[in-house]
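See structure below.
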Amino acid sequence: TDFDPYRILGVDRAASADDVRAAYERLSAEAPAGSERRREVEASYAVLGSEEKRREYDSRLSLRESRGMPAASVEALTLAGETAGYESVPWTIGDIARALILPLMLIVLNVGAAITTDVNPDDLTETDHIIGLGFGLVLEAALLALAYYFAVRKYRGSWRSLGFRRPVNMRWWLPLAVLGGSFATIWAWVGLLYALGIAPESNIPENIYDFAIPVVMLGLLTIIVAPFAEEVFFRGFLFQGAAKRWGMWAGIGFSAFIFGLVHAGGPDTWLLLPAIAAIGAIFAWGFAKSGSIYPSLFAHVVFNSVSFFVGFTE
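Numbering (the working numbering), first residue to last: 8 to 321.
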């Protein structure tokens, strides 16, 4: 496959960032959504639209030229796929709005049930826990399916567009910083609440650990299903789409707010929502810095694993 982002966008190597963006906007408006031409334009802008990625591409291009390799090579196409960031995702704010309808409806139903139902969590039976965890699994499956439909299927793309790509210029400490920041946030927030004489409640009833099947379901949901589905939806889909339209920090804030909202349960758990939203912002920052879902996915899995085993041992 011949791939030369400068040729595709119709600019030369001396073109300014404004010239590159103008060419991208003109060509993407002309090319039908989902077409091969549109994908070429998006991939080209993924390389040339970011100053850092453009420098990396130019350095590799110079290296290829010095070795007599063609500029339009498969290596260039691979680089475009690996470095594509939120600047080039095809989905729109309209796609995000439509994708949020079902999750928000489910959350409203869940919160409404928690408010109107006067049940002591410690009185819940094994069947009650299984039903509740089943609802959680349905929600996570819905998030994953919605992200897949609006980001991959609709635009005939791949999972790479949702962040399953090699991190770009990532320092070794970034996943650890995301993980450490997440733990520091929840510890600091809970510590502040206790200092104010407020004891926050977990959204996981303590007696759930008395039943074998609910514990297994909880472990599966907490450690595997939720981190994967939520990183795909909130960071891969929501953050990238919002960041493309409004900028990185607005994308971080928007995705973090929705992330916190989706974790709303009964009123006793609402005090933890600011910390959960802040953790969502840290995860999105890790995604933005690396251009990949893997750092935030790693941090999410470890964070949830520790939370699960702490609850289990207590």
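Every residue, glycine too, gets a C-beta built ideally from N, C-alpha and C. Values in this document were obtained by computation on a predicted structure and should not be read as measured data.
With Ser262 as the anchor, note down where its alpha helix (DSSP H) starts and where it stops.
Per DSSP, Ser262 belongs to the alpha helix (DSSP H) from 255 to 269.
Thinking Leu280 and Ala271 are a contact (beta carbons under 8 angstroms), I'd like their distance in whole angstroms, please.
Confirmed, Cβ separation roughly 6 angstroms.
Name the residue from Met224, Ala38, Val309, Ile193 whose alpha carbon lies nearest to the alpha carbon of Val1.
Absent from the model: residue 1. The displayed extent of the chain is 8 to 321, so no value can be given.
Cβ-heavy atom distance between Trp180 and the ligand MG below 6 angstroms?
Ligands in the displayed structure: none, and consequently the ligand MG is not present.
With burial defined as no fewer than 16 other Cβ atoms inside 10 Å of the residue's Cβ, what is the status of Ala233: buried or exposed?
Ala233 is buried by the Cβ-count criterion.
DSSP state of Val118, grouped into three classes?
Helix.
Is the beta carbon of Met177 sitting closer than 7 angstroms to the one on Ser95?
Contact flag unset, no.
Run through DSSP, which three-state label would Lys161 get?
Looking at Lys161 - three-state DSSP - the assignment turns out to be coil, as it is neither helix nor strand.
Name the two residues that bound the continuous alpha helix (DSSP H) containing Val317.
That run of the alpha helix (DSSP H) goes 301 to 320.
Helix, strand or coil, according to DSSP, for Ala38 in the structure here?
If DSSP states are grouped into helix, strand and coil, Ala38 belongs with coil.
Please give me, in chain order, every unbroken run of the alpha helix (DSSP H) with length at least 4 that falls completely inside the segment 190 to 232.
Taking only runs of at least 4 residues, the alpha helix (DSSP H) segments lying wholly in the segment 190 to 232 are 219 to 226.
Assuming Arg252 contacts Gly170 under a Cβ cut-off of 8 angstroms, what Cβ separation, rounded to an integer in Å, is found between them?
Their Cβ separation, rounded to whole angstroms, is 17 angstroms, which puts Arg252 and Gly170 out of contact at 8 angstroms.
Using CA atoms only, rank isn't needed, just tell me which of Ala149, Pro302, Thr320, Ile15 is closest to Ile215.
Answer by Cα proximity: Thr320.
Does DSSP put Phe10 in a helix, in a strand, or in coil?
Here Phe10 sits in coil by DSSP.
Secondary structure at Ala21, three-state DSSP: helix, strand or coil?
Of the three classes helix, strand and coil, the one that applies to Ala21 here is coil, per DSSP.
On the criterion of 16 or more Cβ atoms from any shown chain inside 10 Å, does Ile259 qualify as buried, or is it exposed?
Result: buried.
Measure the C-alpha to C-alpha separation of Leu227 and Phe235 and round it to an integer number of angstroms.
The straight-line gap from Cα to Cα measures roughly 11 angstroms.
Got a sec, what are the start and stop residues for the alpha helix (DSSP H) Pro281 sits in?
280 to 297 is the span of the alpha helix (DSSP H), which, as asked, contains Pro281.
What did DSSP end up calling Pro97 once you bin it into helix, strand or coil?
Of the three classes helix, strand and coil, the one that applies to Pro97 here is coil, per DSSP.
List the whole-angstrom C-beta distance separating Tyr13 from Arg20, where the pair is believed to meet the contact cut-off of C-beta under 8 angstroms.
Contact holds; Cβ gap of about 6 angstroms.
The alpha helix (DSSP H) spanning Pro51 covers which residue range?
Per the sequence presented here, residue 51 reads as Ser, with Pro not at that position. Looking at the DSSP string, the run of the alpha helix (DSSP H) that includes Ser51 is 43 to 55.
In whole angstroms, what is the alpha-carbon distance linking Tyr156 and Ile220?
Tyr156 and Ile220: Cα-Cα distance of roughly 32 angstroms.
Take Ala282 and list the residues in its own chain whose beta-carbon comes closer than 7 angstroms to its own, dropping the five residues that flank it on each side.
Same-chain partners within the cutoff: Thr192, Ile193, Trp196.
Which residues in the same chain have their Cβ closer than 8 angstroms to the Cβ of Ser314, if we skip the five residues on either side of it in sequence?
So the list reads Thr229, once near-sequence residues are dropped.
According to DSSP, is Trp180 helix, strand or coil?
In this structure, Trp180 counts as coil in the three-state DSSP scheme.
Using only the alpha-carbon positions, how far apart do Trp98 and Arg167 sit?
Taking the straight line from one Cα to the other gives about 14 angstroms.
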